[in-house]
Structure formats: C-alpha cells, structure tokens
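> Attaching a single structure in structure tokens format; questions to follow.
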Amino acid sequence: MTSSSASPVFSALAPYGWDDAWADEFAPYDTEGLLPGRVVRVDRGQCDVVTPAGTVRADTEFVVPRDPMKVVCTGDWVAVDPDGSDPRYVRTLLPRRTAFVRSTSSKRSEGQILAANVDHAIVAVSLAVEVDLGRIERFLALAWESGAQPLVVLTKADLVPDAVTRAHLVQDVELSAPGVTVLTVSAVEGDGLDVLVGLVSGGTSVLLGQSGAGKSTLANALLGSDVMEVQAARDVDGKGRHTTTTRNLLALPDGGVLIDTPGLRGVGLWDAESGVGQVFSEIEELAERCRFHDCAHDAEPGCAVRGAVESGELSHRRLESYRKLMRENQWIVAKTDARVRAELRREWKRKGAAGRAAMELKRRR
Ligand code: GDP
Ligand code: ZN
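As numbered in this note's numbering, residues 394 to 758 make up the sequence shown, in order.
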C-alpha cells in the first residue's frame with residue numbers, strides 16, 4: 394500500500410490515528426485485499442471497526458478461541474474481510490504498541506485487555522480535595538506499565554485561586570512524578586485547556602483517575618460537546634453513570650483520539666513492577682549505590698536509600714509509598730497466571746518483538 398497522505402485509506406483513518414508505521418504493518422494484508430480498521434467498541438463478543446468502507450461489525454476472537462489475550466479490544470488496529478455480511482472476521486491483529494491490561498480477580502487469574510495503542514495516559518487529579526501523592530503514584534505506575542506516556546492533569550484549578558499555592562501543588566506532584574508533565578486545568582474557566590488539547594492532539598489518549606476527579610468534564614471539553622455525562626456534585630458513587638455512546642473511541646476535533654471505556658475507569662494496580670520502578674526512578678537510582686545488590690533498604694549497612702532519607706534528599710513518605718506499591722504488586726504478580734504474564738511481556742513490552750509477532754500471526758492464519 395502507498396502510505397501517501399493522499400490515499401483514501403489515509404484520509405479515512407488518519408483521524409483515528411493511522412500513520413505511516415501502521416500502513417507499513419498493514420502492507421502484507423493490503424496485498425491480500427483485506428481492509429484495515431480500528432476497533433472503536435467491543436460488546437458481546439463482537440466489535441465495531443472503522444474502516445475506509447465505513448463502520449463494520451466483526452467477531453472479536455480471531456486466533457485462539459477462548460484465549461483472552463487473543464481477543465481484540467478498543468484501540469486495536471485490525472485487518473477485516475473486505476466484503477460479505479456483518480459480522481465479519483477479524484483476520485489479523487496488528488502488533489500492539491501499548492496495552493492496558495487488568496489481571497482479573499478470578500481464581501485462575503487472567504489478564505483482560507482494556508485498551509490498546511494508547512499514547513498518552515492522562516491522570517486526572519482533583520484540586521478540590523487534598524492531593525494524595527500515593528494515589529497519583531499508583532496511577533502513574535499503571536500508566537508506565539501500559540507503555541503509554543503518563544501526563545498528570547490537576548483539575549478544578551479554579552478552586553485554588555492563589556497562584557503560589559497552585560505552584561506548590563504542581564511542584565509536589567512533579568517531585569512524585571519524574572519524567573511526567575504536570576498541568577493545571579480549569580474546565581470552568583478554560584485555563585490550561587489549550588495546553589492539554591495541544592498535548593493530546595498527536596496520538597491516542599485515555600483518562601484515568603478517581604471518580605469525581607473531573608474525567609468526564611475533561612472529556613467533554615476535549616470533545617467540544619457533552620458526550621459524557623458529568624456526575625452531579627452530590628453523587629458520590631458515580632458508578633455506571635456513563636451516557637451510552639455508541640463508541641468508546643472518539644476522534645477529537647483538534648486532532649488526536651480519546652478512548653474511554655468503563656473498564657479503564659475502575660482500573661486497579663496489576664503487574665506493574667517496571668511501572669512502579671519508573672514512578673520511583675530516583676529511588677531505583679539510589680539503590681544502585683547500596684552496598685548490597687539485593688538491599689531491602691531496611692537495616693542493611695551501606696544503604697544509599699536510607700542515607701538519602703536521613704540527609705533529607707528523599708522524603709520518608711516517598712520511600713514508604715514505593716515499598717507499599719512494590720509489596721502490593723508482588724502479591725498481584727503471585728496471583729496472576731505466569732503464562733499470561735510471560736505472553737504479555739513477549740507481545741507488548743519488548744518493542745523488538747513487534748515484527749516477530751506479526752510473522753507469527755500471519756503464520757497461524
Ligand atoms: P469523573 O467522575 O472523574 O468523570 O468527574 P466529573 O467530570 O463527573 O466531575 C465531578 C464533579 O467535578 C462535577 O460536579 C463537575 O461539575 C466538577 N468539576 C469538573 N471539572 C471542574 C472544574 O474545572 N472546576 C470546578 N469547579 N468543578 C469541576
Ligand atoms: Zn538500600
């Protein structure tokens with residue numbers, strides 16, 4: 394296929410995130426006459442796929458039936474049958490760049506994919522309540538683990554009118570979020586929205602954060618319309634209050650794509666060890682200077698991490714938060730089926746595996 398921006402495929406799919414790299418991945422299937430598309434919704438074992446020929450309906454299972462890792466999810470790029478009646482078959486899944494996975498709480502724990510090919514994970518944090526740095530770190534770990542770039546948006550900035558106080562809050566969050574941009578936004582006054590619109594205009598974004606953090610309000614501001622139902626101020630629960638939209642993946646008017654699935658909203662911490670490491674990168678760096686390679690930063694002599702706490706370079710809160718997330722993560726890892734995790738690593742974490750995965754899928758068809 395020509396990856397030229399003048400091609401009909403490009404003009405139909407570019408608003409959904411199609412780029413030259415996807416065109417290259419798809420090229421062998423183009424030769425076979427298949428249709429490229431992106432999954433915009435999944436329900437009852439079927440999915441809606443936007444294609445250059447319009448939205449078509451297809452089965453979600455395509456390679457190994459009953460394997461949850463081999464089922465398409467919102468955000469996936471796929472190749473479907475070019476014609477025939479719906480539901481069609483998804484003939485292949487293009488290798489995922491990133492994926493949000495939940496390890497389900499069933500006895501035989503298995504991963505469930507919540508969203509694929511997300512570039513920006515927006516962690517919404519309300520300034521209407523006291524900022525909980527531990528909670529932010531938790532969401533950041535999830536975001537890093539997926540492969541997406543996290544971004545923290547401190548919402549309801551109009552409720553903190555004092556600029557100095559706001560700057561301090563931003564600084565506190567920045568210290569807990571190495572490598573992450575921290576923005577303040579007021580959906581009421583519009584402050585900061587233009588910066589956010591610019592950041593999400595390239596690529597696919599998801600909104601994470603606690604109920605009431607202002608995610609629906611942000612989504613509506615980005616979409617320029619009231620697609621998401623905003624929770625009434627007194628509705629503390631807020632579960633299941635989503636307006637039914639026909640799509641969970643929407644093209645934004647100023648560019649970029651927003652994925653908002655109910656599952657992502659209730660996301661917890663799963664196998665995110667490397668994600669936790671990225672959130673606490675300064676601790677991991679300090680740990681390299683501990684005398685013992687397997688230092689638990691407890692009572693060991695020559696511990697650089699404890700040394701940093703004693704000198705005030707590292708806050709005690711941050712070390713405790715790191716420990717807590719590491720412990721929690723190890724418990725979840727122990728629960729999660731080893732085979733699923735091994736497969737996850739192979740398929741999504743090692744960037745170099747993408748080409749091989751494509752070959753594998755091709756071979757199995
Ligand atoms: P969600 O549960 O994360 O989707 O949160 P919502 O978007 O439903 O917002 C929760 C509450 O916060 C609603 O009452 C909103 O009106 C309010 N809210 C959202 N954004 C802002 C803002 O920028 N300023 C103020 N003052 N309130 C906001
Ligand atoms: Zn140590």
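Virtual Cβ for every residue (Gly too), placed ideally from N, Cα, C.
With distances taken between CB atoms, is the gap from Gly-447 to Ala-492 smaller than 8 Å?
Stepping through the sequence shown from its first residue, residue 447 is reached at position 54. Stepping through the sequence shown from its first residue, residue 492 is reached at position 99. Not in contact: Gly-447 and Ala-492 (Cβ atoms no closer than 8 Å).
> Exposed or buried, Ala-514, counting other C-beta atoms within 10 Å across all chains shown (16 or more means buried)?
Reading the sequence shown from its first residue, position 121 is the one you call residue 514. Ala-514 is buried by the Cβ-count criterion.
> Tell me whether Thr-637 sits in a helix, a strand or coil according to DSSP, three-state version.
Mapped onto the sequence shown, residue 637 falls at position 244. Residue placement at Thr-637 is poorly supported in this model, since its pLDDT is 44, which falls under 50; the coordinates still yield a value, given next. It is coil, neither helix nor strand.
> Run the proximity test for Val-514: is its beta-carbon closer than 7 Å to any non-hydrogen atom belonging to the ligand GDP?
Against the sequence shown, residue 514 aligns to sequence position 121. According to the sequence as given, residue 514 is Ala; it is not Val. No, the beta carbon of Ala-514 sits no closer than 7 Å to any heavy atom of the ligand GDP.
> Contact check, Asp-551 vs Ser-579 under 8 Å by CB: the rounded distance?
In the sequence shown, the residue the question calls residue 551 occupies position 158. In the sequence shown, the residue the question calls residue 579 occupies position 186. Yes, they are in contact, since the Cβ atoms of Asp-551 and Ser-579 sit about 4 Å apart, within 8 Å.
> Pull up the DSSP beta-bridge partners for Ala-472, would you.
For this step, residue 472 is matched to residue 79 along the sequence shown. Partner(s): Pro-429 and Thr-485.
> Let me know the secondary structure DSSP gives Gln-603 once reduced to three states.
Translated into the one-based positions of the sequence shown, residue 603 becomes position 210. Coil, per DSSP.
> Might you give, ordered along the chain, the residues of its own chain that have their beta carbon closer than 7 Å to the beta carbon of Val-590, omitting 5 neighbours on each side?
On the sequence shown, residue 590 is found 197 positions in, with the first residue counted as 1. Excluding positions up to five away in sequence, the list reads Leu-615 and Asp-647.
> In the DSSP assignment, find the alpha helix (DSSP H) that holds Arg-528 and state where it starts and stops.
Position 135 of the sequence shown, counting from 1, holds the residue named residue 528. Its alpha helix (DSSP H) spans residues 526-539.
> Closer than 8 Å by C-beta to Pro-458: which residues in its own chain qualify, once you throw out the five before and the five after it? Chain order, please.
Here residue 458 refers to the residue found at position 65 of the sequence shown. Any answer about Pro-458 is weak, because its pLDDT of 47 lies below 50 and its placement is not dependable; what the coordinates show is given next. Once the five neighbours on either side are set aside, Pro-458 has no close Cβ partner at all.
> Residues with a Cβ closer than 5 Å to any heavy atom of the ligand ZN, in chain order?
Taken from the N-terminal end onward, the list reads Cys-683, Cys-688, His-690, Cys-696 and Val-698.
> Helix, strand or coil: which one does DSSP assign to Thr-597?
Sequence index remark: in the sequence shown, residue 597 carries index 204 (1-based). If DSSP states are grouped into helix, strand and coil, Thr-597 belongs with the strands.
> On the DSSP bridge list, what partners appear for Val-518?
Stepping through the sequence shown from its first residue, residue 518 is reached at position 125. According to DSSP, Val-518 bridges with Leu-547.
> Compare the beta carbon distance of Gly-527 and Ser-594 with 8 Å and say whether it is the shorter of the two.
Residue mapping note: residue 527 aligns to position 134 of the sequence shown, counting from 1. Residue mapping note: residue 594 aligns to position 201 of the sequence shown, counting from 1. No; because the gap between Cβ atoms is not below 8 Å, this pair is not in contact.
> Fully enclosed by the stretch 638-711, which beta strand (DSSP E) runs are 3 residues long or longer?
Segments of the beta strand (DSSP E) lying fully in the stretch 638-711: 642-644 and 650-652.
> Taking DSSP as the reference, what is the three-state secondary structure of Ala-405?
As a working note, residue 405 is residue 12 in the sequence shown. Reduced to three states, the DSSP call for Ala-405 is helix.
> Please classify Pro-488: is it buried, with 16 or more other beta-carbons within 10 angstroms of its beta-carbon, or exposed?
Your numbering for residue 488 matches position 95 in the sequence shown. Pro-488 is buried by the Cβ-count criterion.
> In the DSSP assignment, find the unbroken beta strand (DSSP E) run with Val-578 in it and report its ends.
Here residue 578 refers to the residue found at position 185 of the sequence shown. Per DSSP, Val-578 belongs to no beta strand (DSSP E) and is neither H nor E.
> Closer than 7 Å by C-beta to Ala-521: which residues in its own chain qualify, once you throw out the five before and the five after it? Chain order, please.
Within the sequence shown, numbered from 1, the residue matching residue 521 stands at position 128. Contacts found: Lys-549 and Leu-552.
> Any contact of the stretch 469-482 with the stretch 551-565, i.e. 3+ C-beta pairs under 8 Å?
As far as the Cβ criterion goes, the stretch 469-482 does not touch the stretch 551-565, which means the pair count is below three.
> Is it the case that the Cβ atoms of Leu-544 and Val-581 are separated by a distance below 8 Å?
For the purposes of this step, residue 544 is taken as the residue at position 151 of the sequence shown. For the purposes of this step, residue 581 is taken as the residue at position 188 of the sequence shown. No, they are not a contact pair.
> Over the uninterrupted beta strand (DSSP E) stretch that includes Ala-451, give me the two end residues.
As a first step, residue 451 must be located in the sequence shown, where it is residue number 58. Taken as a continuous stretch (DSSP letters only), the beta strand (DSSP E) holding Ala-451 covers 447-452.
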